[in-house]
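Novice: Dropping a structure here in structure tokens format, bear with me for questions.
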Amino acid sequence: MRTTRRFALRVNGADHLVEGEPQTPLLFFLRNDLSLNGPKFGCGLGECGACTVLIDGIAARACALPVRLAEAREIVTLEGLGSSEGPDPVQQAFIDAQAAQCGYCINGMIMTAKAFLAVNPAPSEAQVREALRYNLCRCGTHVEIVKAVLLAAERGQAGEAAAP
Ligand code: FES
Ligand code: FES
């Protein structure tokens, strides 16, 4: 028997009530109920990283996280980082480094980089590569992606986005 119930989610600083089954992945609620399409559905198996969000500041794969485990946590999606008018410094670095081709993996790259730079603000290239090791890019723009993360670190990812 299927049991649905309501879940209180705090996403990008706002409270939401969604209804569904406890095991349904958080990603479905973010995309279908809250229209937050930054996180992408890629593999659906926790393997590609396209669906990455921050949960209490830690990068997590929303396709593999049951909604019940996301209750009472601080969830941040790509939309919560910045906007086209005021991008987050990491987003700006990805733009400036032209790190996207199709763009499908970029949500995961940025969210993973964001969590990584918060704990390691001045990483080496090898550390960036290691941090993004489990985020897959089918287009093969890994070189630009690594450059973008290093650029964000150089600028100070928590600071102001540098002017082009
Ligand atoms: S869609 Fe979540 S890891 Fe691939
Ligand atoms: S830019 Fe296309 S999958 Fe990474």
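Taken in order, the sequence shown gives residues -18 to 145; the numbers are from my numbering. Cβ atoms here follow ideal geometry from the backbone N, Cα and C, with glycine treated the same way.
(1) State yes or no: is the C-beta of R136 nearer than 7 Å to some heavy atom of ligand 1?
(2) Should C147 be listed as close to ligand 1, given that the test is whether its C-beta is under 7 Å from any heavy atom?
(3) When burial is assigned at 16 or more other CB atoms within 10 Å of the CB, is L(-2) buried or exposed?
(4) Could you tell me the alpha carbon to alpha carbon distance between R(-9) and K21, rounded to whole angstroms?
(5) What did DSSP end up calling D(-4) once you bin it into helix, strand or coil?
(6) What residues come near ligand 2, if near means a beta carbon less than 7 Å from any of its heavy atoms?
(7) For T(-16), does the three-state DSSP call read helix, strand or coil?
(8) Does G89 come out as helix, strand or coil in the three-state DSSP assignment?
Specialist: A quick look at the data gives this:
(1) no
(2) As displayed, the chain neither begins before -18 nor continues past 145, which places residue 147 out of reach and without an answer.
(3) exposed
(4) 19 Å
(5) strand
(6) A81, Q82, C83, G84, Y85, C86, I87, C118, R119, C120 and T122
(7) coil
(8) helix
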